[in-house]
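K.L.:
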């Protein structure tokens with residue numbers, strides 16, 4: 063029962079992240095909308111790497127491809143590569159303070175954005191605009207908040223048990 067309870071939190075948080083990813087926002091605000099799904103996947107792969115891995119990144123990447131109407135598999139590829147890096151470095155990253163983690167998150171989001179841009183550029187040649195950086199910076203700035211909220215969600219049952227005792 064404990065394993066399913068924790069897995070439900072993971073799935074619900076990723077579904078919420080997908081909703082935030084496709085939320086209808088005004089065009090000026092949509093430019094700043096970070097990749098919520100990738101942020102959630104990064105958190106869970108760092109917090110519980112034995113439960114969230116490349117398979118989850120690939121699956122939720124395919125779902126994100128479908129939701130956003132992009133070329134099938136591009137988010138899956140980007141998410142899988144980023145989560146692979148997170149899994150390889152998770153023991154080190156967990157020891158870092160939030161600001162150093164945010165620097166790593168910056169590079170993860172940048173790698174994802176670059177991969178998505180390169181795939182899009184293969185379809186239709188495009189130029190890199192200044193708006194390319196906005197979701198990366200926003201996601202980096204929001205990482206401490208995302209980390210804190212997700213940690214609270216992950217530990218909420220454990221905290222309620224301690225209070226009852």
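In my numbering, the protein residues as written are 63 to 227.
Where is the CB? At the ideal position from N, CA and C, for every residue including glycine.
1. Taking Cβ positions, are residue 96 and residue 197 nearer each other than 8 Å?
2. Tell whether a beta-carbon distance below 8 Å holds between residue 98 and residue 119.
3. Look up residue 85 in the DSSP assignment and say whether it is helix, strand or coil.
4. Given residue 164, which residues of its chain have a CB within under 6 Å of its CB, disregarding the five upstream and five downstream residues?
5. Between the Cα of residue 150 and the Cα atoms of 109, 122, 208, 134, which residue gives the shortest distance?
6. Pull up the distance between the alpha-carbon of residue 87 and that of residue 69, whole angstroms please.
7. Check this for me: beta carbons of residue 105 and residue 123, under 8 Å apart or not?
8. Whose C-beta lies closer than 8 Å to the C-beta of residue 166 among residues of the same chain, with five residues either side of it excluded?
9. With DSSP collapsed to three states, give me the class of residue 77.
P.N.:
Taking the definition as stated:
1. yes
2. no
3. coil
4. 202, 205
5. 109
6. 30 Å
7. no
8. 151, 155, 158
9. helix
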